[in-house]
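The next block holds one structure in the form of structure tokens; read it before the comments.
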Amino acid sequence: MVEPFAGDLFLRLARDGWLVVPPEQAAQVVVDLEHTLAEVRASLRRAELSRQLRGADVDPDVDRLIVECAFAGQLGADRWEQALVELPKYIQAFRMAAGLP
484 MVEPFAGDLF LRLARDGWLV VPPEQAAQVV VDLEHTLAEV RASLRRAELS
534 RQLRGADVDP DVDRLIVECA FAGQLGADRW EQALVELPKY IQAFRMAAGL
584 P
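Take 484 as the starting number for the sequence shown in the numbering used here and just add one per residue.
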């Protein structure tokens, strides 16, 4: 079973003062989360591009890559899209917890 995201919980904990993180540590967590968010966006873009290119007249190696990306995108599309909503909540919560802008 895949665990659900907890963005709202992290935000509530940060607002209520229960999530407290030293600024240096929070800054690194924010950088890592922003990197993860960028990777999720890139994965969704690749999946969308592969859907658009499906059936196009392309090199067999490129076609294989398109199929692989489309398949991966279909398997996790709902989780990727949920991550796009939830990861910014995590970022905001860690900023709040450390008093970062």
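Think of the CB as a built atom: it goes at the ideal place given N, C-alpha and C, for glycine as much as any other residue.
Alpha carbon to alpha carbon, how far is residue j from residue i? Give it in angstroms, no decimals.
i: Ala-489; j: Arg-528; result: 24 Å
i: Glu-522; j: Ala-566; result: 11 Å
i: Asp-491; j: Lys-572; result: 7 Å
i: Gly-500; j: Leu-532; result: 42 Å
i: Leu-502; j: Leu-516; result: 16 Å
i: Leu-496; j: Gln-575; result: 11 Å
With 16 as the cutoff for other CB atoms within 10 Å, does residue i come out buried or exposed?
i: Val-504; result: buried
i: Arg-629; result: Here the chain has residues from 484 to 584 only, and residue 629 is not among them.
i: Val-568; result: exposed
i: Val-513; result: buried
i: Arg-578; result: buried
i: Ala-525; result: exposed
Which of the three DSSP states is assigned to residue i in this structure?
i: Asp-499; result: coil
i: Gly-490; result: helix
i: Val-506; result: According to the sequence as given, residue 506 is Pro; it is not Val. Three-state result, Pro-506: helix.
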